[in-house]
Every structure is written in structure tokens, then in C-alpha cells.
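Enquirer:
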Amino acid sequence: GVKVRKDKAPPGDGVRGFVKKLADISDDEAQEVLEEKSYVSSLGISAQGSAGNGSGVSGGEVYSFQTPKRSSKMAELASELAQTPGQSVEPGHSEGSEKTAKTPQNSSKKYTFLLLMHVFNLLLQSKKKEAVSTTPYRLRKRLPAPDLSLESESEYSASCSEEEDEEDQQEASTLSSGRKTPAKTKASCTPPPRNTSARKNKKDKMNNLVEEYFEAHSSSKVLTSDRMLQKLRKRRLDQQTLHDLLKKAPVAYAAEIKDLNQQHESLFSKWMLQLHLGFNVVLYGLGSKRDLLEKFRTSVLQDSVHLVVNGYFPSITVRSILNSITEEVLNHTGTFRSPLDQLEFIIRRFREDSSLELYVLIHNLDSHMLRGERSQQILAQLSSLPSVYLIASIDHINAPLMWDQAKLSLYNWLWYETTTFKPYVEETSYENSLLVQQAGALALSSLTHVLRSLTPNARGIFRLLAQYQLENKDIPSYPGLSFQDFYQQCREAFLVNSDLTLRAQLTEFRDHKLIRTKRGADGVEYLLIPVDNSTLTDFLQKEEEEV
Amino acid sequence: QQIQEDLNKQLFDNLVSFLRRSHSGFQEKTTEWTCRMKTREIPTAALVLGVNVTDHDLTFKSLTEVLHNNVTPYIALLEAKDCPGIKNLMRKLIGQLMNCRVDVDSLEEEDYVQVSQNRIPCSMTSLISWYESVTKKTDAGTPRKRRTSSSRHWQSPPVVVMFQDMESFTTRVLQDFIVISSQHIHELPLVLIFGIATSPMIIHNLLPHSVSSLLCIELFQSLSCKEHLSTIIDKLLLTAQFPFKLGEKVLQVLINIFLYHDFSVQNFVKGFQLCILEHFFCQPLSVLCCQLGDVKKKVNSLSHNQCENIRRLPSFRRYVESQASEQQIALLTEDNSLKETIQKLLEDLHIYHENYIPVLRCLHVFTSSLPKYPLGKQIRELHCACLENRVWETEEYESSLQLARMLNRSDLVTMLQQCVEILVSSPGKEFDEPVEKLKEFLTQFQKLEEEAFQEWDVSVSSPKELQKKTDLYHLQKTLLELKESRRSKKLTKFEMLRFEVIEYIDSLVRNYLVPADHKTLHEIMYFNTASVLREHLNAAPRIALHTALNNPYSYLENQALKSDGGSISNKAPDICIVYKLHLECGRLINLSDWLEAFSTVVMGAEGPNADAASSDHVDDVIHARFIRAVSELELLGFIKPSKQKADHMARLTWGGC
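For the record, the sequence lines run as chains S and V.
Numbering-wise (full-length UniProt numbering), the first sequence opens with residue 1 and increments by one.
Numbering-wise (full-length UniProt numbering), the second sequence opens with residue 1 and increments by one.
Structure representation (C-alpha cells):
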């Protein structure tokens, strides 16, 4: 089986490999397999009711990503959660049993077995397609080839695979006529165990996980419902109303969260000691650590020089951090050619003057602006100075990947888990998430702001472009308005008199990031307003009101 | 304060021992390779340092020091992060060279250097002219000063350029530099040193043949990091000098981090520092953890509270319980008698340490050469085993004794000699008797040897007898007889003696290698909370997030949140609910479905009393909460906006977590 897998097996071989693995499961496991089977089948029966997708898929459905009826599943879970407040789910329920399979505490065997079933089914399905298109003869011709290698491996496996061949063959012929429940028939033909199978099994399972992953990510088609937020929504929320609404919402478990935070606060003196001894402190865990760090700052660092870096701020750069150190801490006026020079200067100053001490607090060290390799390198070097004390927080799940061994040793971290469960109010307020509607409001206000300061002609030009874009909003691959066409339109509206004036105007727009230009495939320049359509509509409405 | 001092001293010691170690490794090498310089090619040393990148800094620093003292004053240490281009490289190089020249020569040159640095022509020619001027000046200008140093330095000292992390340099920069410098090699005696973390093949991978042919490469292998570790453990843990000791679990954790994560000695030292820190911070009685000389003073100055603390120690309680009843009362009520006992106990503990280490080494001598290493190859493994529990009760110990009983004579003798050496060199006072005993064993072995020669003659004769018998039947019979006699025969003298030796070693072990947990007041000296260490050094942020999201009850201990299995209550924080729902989805998540599901859950949690009439307002709040939760998930990196489909989020994680 392993050999077959190695050289990018055609689907048929793959199927056989999996089948063989099923066959390889040793005797003591066979009992378990039987249990699993009944388990899966019961699952299948119950899932049939909801998904109606054939019992074969049900095993895989538990852990897959491409099962079609996902949305209904989510709704189901939601309704179920709503119904059973804080209690465990009764085991008989199909959802409940599925969920227990999902918990990580569950035996890995079960888990991999289900995975395996799923992959197996996927492969079978793909083979089905193939079998329909090609003749059985070709299939047979392709299959025996790897057998030669298998035969040398062990007598038994060869015979076993031959058996499977036949079954495949049978299936291929039956499949063209009708449907079957292949998984179970396959699994039931569990032959006696082989002594060397255990090790192999493991390897196969690993392979399986990997293959499963690529299976899930290979096809670009994802099935989700087509419902849109816009249909659901009455109005969009902007940042302010969002904020107000959230204030109204009661904070859950305030007492517990407070307790939790008090625990963390008791660590302050320890942190101070450790910072002074050359370690740096990094905080991780769910919840905003901003308040905690603020508290630390106000209670401990009041009398010392400290620098607070809001890493979540979208325009923060290492350069600005270094600048604030050189200018405000070291009182140095002067520019530097590169951050490296600046860093060197800082290092030298701190080395020379041992009385200098600086506390650096960085909220969200893993933010978009600071997570780059070079900025991390600079920060690490900075933090490795004995008189610079760094205390930072990270949130991203993959944040530790930022650091390699060298940086880690420069940082000299001590990790502290500070799960606060506090909402990330500040941190997320700058985020330009697609769902949060504040983006529109911001863009709208900036649009009107900029345009108000322009000449009427310029406003007219912009309006023209906006109107054109809205007219074409239904074209999915709308490239923008080509410069020549635009020029023509502007001339007709008596807005510009020459190519040059239009270009000058456009440059101004571009500087304010109101438009974007793009060169098409034919070399023509296309103009586009990088604002979503609803905002644009709002904008035009407002403009008309004013006019 | 005292604590701090103690700590700093130890840290310093740490580093010094490490440095010394690496020094000695390079000393012989450097002298060796500077001797051979070829005219056409650039002499190059490739140092294979291993994967413990973090230690390279220290290694290179010490190497620079050694070279500076012994070979040449002109050393430049280049790191990849400073040199993105050839220009930066040259600038850095020249800057470093000229700076270090200032160190060597007097201050009068400084203004000259300043000038040149301001200009920074940054070319090889300027470097050469600088070099010539420097060597000339030192030859002619300040001959006296030069003489003193050049007695160690060379007539025309080579310029050493070190590339600390060769793999991370851009190939172009390296190639250019090598080509340029090779053209000037006859004017400028240049020596390159490459620090390599992976394998020497990397040079040929990075540099094309035309460039690498300009180099004359000699390979050096640095000591493996494991050896560094053993020396550090030797110097720090296996001495009675430092009162602070590591418990078994902690040591295990540290070694595991070392072996499975980074192979970095520096990180090991860091972990050790952390242990010291934690110990002194968390254990109020750690004031007593100091040199034996100070103990008396410290014990006398103990406050009543501290005495109470001591009474609360589990090991001390055990001790009290084993005492007579009037003594018990005295210990528990009178501070003064307590102090006396403490002093005595601490002295005992100190003596225990003094004895423990030599015996451990002796045992190591015996076990380290046994086949299959039942007790481990390294002394640290043995140390761990001894700390964990009574070593003589373990199976491994049994089997190793079993094996030791089969050792041959010469091995045994050398081992005994080693043991005698170890015991003699140790400071403990109780070892006179064991040394005597072992010496006695040695002399007995010698005697045996002499006897064996005589016996040999006897035994040689017996086969001759055998040969005489030609009759097959008789032969068989005599062979059987021989076998019988051999089986029934008493053990030879040698075997007896060997048995005795092993017995004796066994008794030594039983006497001295009692695990520290069984000693009274071990809490003062031993740091044993491995979990703290693991938490801080080897944290798992992702797991923390995962548990917080999946099982908020573990953090927020509210009864309403309690649930079992994988399910989650609908009263959980918003983000947990949203997270749980998102786990149900595939690669893409439809936001509107998600929101609907979320509101269903939350409405369900609020119960039927939230009537449908006011749902309009509630919906807004729920919506806002949903938005917040989703953007929090985005911040955490679980999802990101997707452009594939309108109003969809893409999942970034795979599987259950």
C-alpha cells in the first residue's frame, strides 16, 4: 500500500490502498472496527434524515469540509444549542453523537477511522466518475501494474489486493448501472491480520490526514448558501452605533473576568523583577490584554521612562517606534539613513549610558505592521539590550511562527498566559473587516470631505466616474472606465478642455486615494473608484441633495 | 538583595564556564590554520557549528577575543542581517576594522580615523591603503608599542573577516565580496571564516565553482552542543559549591527542551536562571539557601513567621514525627531549639551533597561502560534517575548490577582506580574508609593476577590430558565430568572478589544516593515546580486559546458554563459561540447564515422572556455582538475575509483546532 501511494497513484490504486489498509487493521482492532462500523452506520441512518446524502458519505461528513449541507448543519447546531442550555446532549441524538466524535479527547483511532472512511468515499466517488467514462477493460489494465511490487512484499497482500481488484471490477460494472453503499461492503471484508501491519497503519494514517487536507482544499468549488447579508439587513451599522450598541449589551461574567484579571495583576511585581534580570515578558491568551498592560503601566511604571506602542494601530511602523525612542527618550534631533543606523545609534547610546532605562510596552506585537521579518529583527535587537525592558502581548494563533531561534534568543521571552476574556475593543476598531460596516461610513465621510474642498468641475468629474461605475455595477469583471472614454465624456459635459487638465485632476484624486488606475491587457488605462457600490450610491445621493 | 547577589554570581559563573569551554575548543584550531597562508587563494576556514544558532553569538564573540589576543588585531565580524548589499558589507567591514584599530593604537590616530569614516569611500582600495598605512605606521612610528604586542602578533597580521551566519547571506553579496577580495589578496592578507550551521556542502551550494575555487577552505568542526551541556551540568549541578539545586522534574524539563527543541546551551542556561529566580521569588525560606558559612547567621536571624513556615514544610513534619515526644514539643513551640535543629539539618544536607556527587560519579563510572546502558550513557541521566526515587529499587539498577558482575578484570581495575581518584579528590570527609576499602580491592586484584599466572600453568595441563584419550566414549565422559565439576565448582577467587566489589559499590549507593526528596528540609535547596518552568519557557499559546474558546469554564469558573464533552453551553461568551459555530463550516463561511445561527443561540440563551415584539431592538444588539465576535476571531487569525464570494469569510484553520 505504501509503495503504491508514493508515486502519485491513479485513483483506482488509491482506492485499493485504502481498502487494503482497512484490511490491515489488526485483530484486536478488528473488534473496534466492528463497533465503529455499527457506529458509523447508525450515524449514517440518522444523518440520512437530515442530509439525505446516502449513508456512504455520513462517516466523512463528521470531519470534512466539503459536505454540501453545511449551512443547515450550522443552523441545526445553533437551534440545538439554543434548546439545551448548558446541558450535555443526549447521546441518542445524531448531532450529539457526531459532536462527541469531534472532541479532541476522543480516541484518535476513532477519529482517523472516520477520516479514512471519508477519504475512501471521496476516492470511490472520483473513481465512479472515471469508471463511467472509461471502459472496465482499461481499468483492469492499469490496476495489475503495481501488483508486481506488492507481490515481492508479501504473498498475502498480493492475493488480497487481487481480491480487491476483482471487487473493484465488480463495482465498476455495477456502478454504471446503479447505486450502492460501497463503504460498508468493503469494510466488512476484514481479512485476518498481518503481523507487520501496525507500523504501516500508522504511516498510512498520517498519509491519510495529509491527503484529506489536500482533498478538502483541492477543488475551488465550495458549497455554501447564496444568501447575502444585504437581504437580511435593514441598515448597516457604522462604527459609532456599533460602539453604542455594544455598550448597551451586558458584559457576561463580569465577576469572573474580574477575578481572572486580579490573578494576573498579582504577577506585576514578578514581571518587574524578571524584566530587570534580562528577561522580556510576552503575554498570550484569549481576550484583550490592553487593559492589563495599561494597569501595569499606571501602577508600576509611573515614575520610569516608558514607551507604549499600539501595535494594532494600522499605520505603526518600526521606524516610528525607533523615532520616538531617539527623539523623545534620547532627545536626539536628526535623521537617520536607515532603521539599521538608527538602531545602532540607540544601542550605542544605551551601552554608553548605563543609567538609561526604558520600558517598552507593545500591544499586539503580532499586528500586521510589525509582524514582518525585518521589523521583528529590529525589535528583537532592541529588546536584547540589557536596559531596555520589553513587555508585549500577542493574539494571533500563529504568532510564535514569527520568531526563529535567533530572534527568540534575542527576545529572551518569558511566556505568561493571561486569558482575560475581555473584548478586543481597541484592537478591532481599526480592523477593516469585510463584515463590519464601519468601512463604508469612514470612506463616505472622507469622500465628502475631500470633494468639498475641490472645485465644482473636479467634483463633476468625480461624479461622472461614480455614475458610470454604478451603471456598470452588474458586470462582475468590470475593469473601470478607460481614460479615453472618460476624457470624451468629460469634454461633452464641459468639464475639461484638454487631456492635460483631466490628467492633472486625476493625479489629485489619486493622491487622495479616491481613484485607482489600472492598466488593462490592451495597454489602456482604466479608472476605478475603490469604494463599494452602496457607499457610492449613498455618496451620490448626498451630492444630489446638496446640489 | 542577598538573593540578587547570589543569583548574579551564579549567572556569571554560568557564562564563564561556557566561554571557557568554547575557548579551549578553538585555541588549537586558530593557531593551526593561521600558519598556512597561500598566495593565490584566500585562506578560508569553514566552521561547522551545528544547529544551535543561538549559541553562535557567544562562540563567535569568544573566538574574536581569542583571535584578537593571539593572532591579529584586525578582525571584522559580519552578520547577515547587517549586510543586505555589498555596499553595506563593505561599510560595515571598514567601520569595524578601523574601530578596532583605534583600540589597539593610541588616541592620536583617532582624528584620522574619524576623517576617513566620514568620507567612507568604501572600496577595497581605500581599505588597502588604510592597511598599508597602519602596518607601516606600526612598524616605523611606534616600534616600541608595537613590539610588545607583535611578540604575539605576526609581522604583517592578517585581516580576519568572519561571516557569522553564512547561510543567510545573499549569495550575490558573498560572491562579489570574494571575487573582489581575491584580486587584492597579494596586497591584503585576508582570511575568511564562515560560520555554518548545517553542513559544509552549503558552501558549494551557495557559491558557484568559479568563486569557490578562489577559496582555500579548511573545515573545522566545533564541539557538539551536547558536550557543552554536559560540562555545564557538571560544573553547575554536580558540585556542592552552589547551594541551589534542581529537582528531578525540572531538570528533566530543561533537558527535554534542550534535546527536542533547540539544542541551545544558552537557552538551557536561561532556563536555569529562571529556576533560580522562581525559587527565590516563590519560596520564602529560600533565604536559607546559601553557602554553609552563612547559614548560622541566617538561621539566627530567622523571624518567628519564618520559623512557622519551616514547621509547615512537609519534610520537616516528617522529621518531627520521627522524634521523641518531648523533642517534638520543643521543636514545635520553641524557636530557639528549632533554629538549632535547622542548623544541624542544613549541615547534614550539605554533607549529603558533598557525599552524593562523588558517589554518583563512581556509579557513573561503573554504569557508563555497560552494554546497552541500562542507567544511561550520560551522567545527567543517572543523576535524574537518582533524584527521582531510590535508585537501587529500580529495575535498571538491578540489571546494571547484573551486568557489572560480568565485567572482566582489567575493566574492573581501571574503574576502581577511577573511583579512587574521584573519591580522593572530593572534599567530603567520610571517604577515607571507602578509599581504603577500594584500594584494598585493588591490591587483592593484583595478588589475584599473580596467582592466576600460577593457576594458568595448572589449567594448561588439563587439556593435554584430554588429548591423550582417543577413545570417543571416554572423551565424551571426561567432557561431561569436566562440565559437572565446573558447574559444581565454587566460584573462582576472582569471581568472589568481583562479587564483593559490586556488593560494596551497591552499599555505597544505598548509603549516599538517597533521593533528595527524602531528606529533611530539601525544599529549601531544591526547586521542583516543573510546570511553572514549562509554562514560561515552552508555552503553547495556541492551546491556551483553544481551551479558552472551547471550554470557557476552565477560566471563568461559573456554574452556568460547566459542560462536559465537546459541547458548549449557550451562555458562553459570544466569541466562544461564534467559534463553535464556525467549526461547523467548511472552507468558506456564509456570514448571514452565521449571524442567523448566532442569534438563534443567543436568543435561546436569553430564554422565552425575550418576547418577539421587542426583537427589533434586540436584534441590533445581537448583531453588534456578532460583529465584535467575528472581528475578534479575525484578529486571532481564525478567519479572514474572502473575495471568492460576497459576504463570506474564509477559514484559516483546519480540523478541530
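Even for Gly, the Cβ is constructed at its ideal location relative to N, Cα and C.
Leaving out the 5 sequence neighbours to the left and right, which residues in its chain are closer than 8 Å to S:GLU544 when beta-carbon positions are compared?
Expert: Correct list: empty, nothing qualifies.
Enquirer: If I'm right that V:HIS536 touches V:ASN590 with Cβ under 8 Å, what's the distance once you round it to whole angstroms?
Expert: Not a contact, Cβ separation roughly 41 Å.
Enquirer: Does V:GLU167 have its Cβ less than 8 Å from a Cβ in chain S?
Expert: no
Enquirer: Counting only beta-carbon separations shorter than 8 Å, does V:ALA76 have a partner in chain S?
Expert: no
Enquirer: Give the residues of chain S in contact with V:SER199, contact being defined as C-beta atoms less than 7 Å apart.
Expert: Under the 7 Å cutoff, chain S gives no residues; its nearest Cβ is about 17 Å from V:SER199.
Enquirer: Below 6 Å CB to CB, which residues in the same chain sit around S:SER482 once its five sequence neighbours on both sides are set aside?
Expert: These residues qualify, in order along the chain: VAL524 and TYR526.
Enquirer: Measure the alpha-carbon distance for V:GLU584 versus S:GLN262 and round it to whole angstroms.
Expert: 35 Å
Enquirer: Is the beta carbon of S:LYS289 closer than 8 Å to that of S:THR418?
Expert: yes
Enquirer: Could you give the first and the last residue of the continuous alpha helix (DSSP H) run that contains V:ILE178?
Expert: 171-183
Enquirer: Find the residues of chain S that neighbour V:TYR555, judging by a C-beta separation of less than 7 Å, and give them in chain order.
Expert: LEU260, THR419 and PHE421
Enquirer: Shorter than 8 Å from the beta carbon of V:HIS262 to some beta carbon of chain S?
Expert: A small fix is needed here, since residue 262 of chain V is Asp in this sequence, not His. With 8 Å as the cut-off, V:ASP262 counts as an interface residue toward chain S.
Enquirer: Anyone know if the C-beta pair for V:VAL365 and V:CYS282 falls short of 8 Å?
Expert: Not closer than 8 Å, so no.
Enquirer: Do you know how far the Cα of V:GLU503 is from the Cα of V:TRP392?
Expert: CA-CA distance, V:TRP392 to V:GLU503, rounds to 12 Å.
Enquirer: Keeping to the same chain, check which residues put their C-beta closer than 6 Å to that of S:ILE362; ignore five residues upstream and five downstream.
Expert: VAL309, GLY311 and ALA392
Enquirer: For S:VAL210, count neighbouring Cβ atoms within 10 angstroms of its own Cβ and tell me buried if that reaches 16, exposed if not.
Expert: exposed
Enquirer: Within this structure, are the beta carbons of V:CYS636 and S:ASP395 separated by less than 8 Å?
Expert: The amino acid at residue 636 of chain V is misidentified as Cys; the sequence shows Leu. Yes, these two residues count as a Cβ contact at 8 Å.
Enquirer: Can you check DSSP and say which residues form a bridge with V:PRO641?
Expert: V:MET649
Enquirer: In this structure, does DSSP put V:ARG405 in helix, strand or coil?
Expert: coil
Enquirer: Can the beta-carbon of S:SER409 be found less than 8 Å from the beta-carbon of V:GLN266?
Expert: yes
Enquirer: What is the DSSP secondary structure of V:CYS419, reduced to helix, strand or coil?
Expert: Note: V:CYS419 maps to helix in three-state DSSP.
Enquirer: Quick check: what's the CA-CA separation for V:GLU396 versus V:ILE342?
Expert: 36 Å
Enquirer: Would you list the one or two residues that DSSP bridges to V:ILE75?
Expert: According to DSSP, which records beta bridges pairwise, V:ILE75 is partnered with V:VAL160.
Enquirer: Of all Cβ atoms in chain S, is any one closer than 8 Å to the Cβ of V:LYS339?
Expert: No, V:LYS339 lies away from the interface with chain S (no Cβ there is under 8 Å from its Cβ).
Enquirer: What three-state label does DSSP hand S:GLU545 in the structure shown?
Expert: helix
Enquirer: Thinking just about the alpha-carbon of each residue, which of V:TYR526, V:GLU632, V:HIS623 and V:ILE622 is nearest to the one in V:HIS350?
Expert: V:TYR526
Enquirer: Of all the CB atoms in chain S, is at least one closer than 8 Å to the CB of V:ARG625?
Expert: Residue-level contact check: V:ARG625 touches chain S, since one or more beta carbons of chain S fall below 8 Å from its beta carbon.
Enquirer: Could you pull out every unbroken beta strand (DSSP E) segment of at least 3 residues lying fully inside the segment 381-438 of chain S, listed in chain order?
Expert: 388-393 and 413-417
Enquirer: Evaluate S:TYR156 with the Cβ neighbour count: other Cβ atoms within 10 Å of its Cβ, from every protein chain shown; 16 or more gives buried, anything less gives exposed.
Expert: Any reading at S:TYR156 must be qualified, since the residue scores a pLDDT of 39, below 50, and its modelled position is unreliable; no value is offered.
Enquirer: Give the interface partners of S:SER398 over in chain V, defined as CB-CB distance under 7 Å, in chain order.
Expert: Checking the displayed sequence, the identity of residue 398 of chain S turns out to be Asn instead of Ser. Ordered by position in chain V, the residues that pass the 7 Å Cβ test against S:ASN398 are GLY637.
Enquirer: Could you tell me whether the Cβ atoms of S:LEU536 and S:ILE529 are closer together than 8 Å?
Expert: yes
Enquirer: For S:VAL281, which residues does DSSP report across the bridge?
Expert: S:ILE391 and S:LEU414
Enquirer: Decide if S:PHE120 is buried, meaning its Cβ has at least 16 other Cβ atoms within 10 Å, or exposed.
Expert: At S:PHE120, the pLDDT of 45 sits below 50, so the modelled position is not reliable; the number obtained from the coordinates is stated separately. Burial is judged here by how many other beta carbons sit within 10 angstroms of a residue's own beta carbon; S:PHE120 has at least 16 and is buried.
Enquirer: Could you pull out every residue in the same chain whose Cβ sits closer than 6 Å to the Cβ of V:SER599, ignoring the five residues on either side in sequence?
Expert: Result list for V:SER599: ILE622, in chain order.
Enquirer: Within 10 angstroms of its Cβ, does S:VAL305 collect 16 or more other Cβ (buried), or is it exposed?
Expert: exposed
Enquirer: Evaluate contact between the segment 370-381 of chain V and the segment 326-346 of chain V, counting only Cβ atoms and requiring at least three cross-stretch pairs below 8 Å.
Expert: no
Enquirer: Mind checking the segment 262-294 of chain S against chain V and listing, in chain order, the residues whose C-beta falls within less than 7 Å of any C-beta there?
Expert: LYS270, LEU273, GLN274, LEU277, TYR284, GLY285 and LEU286
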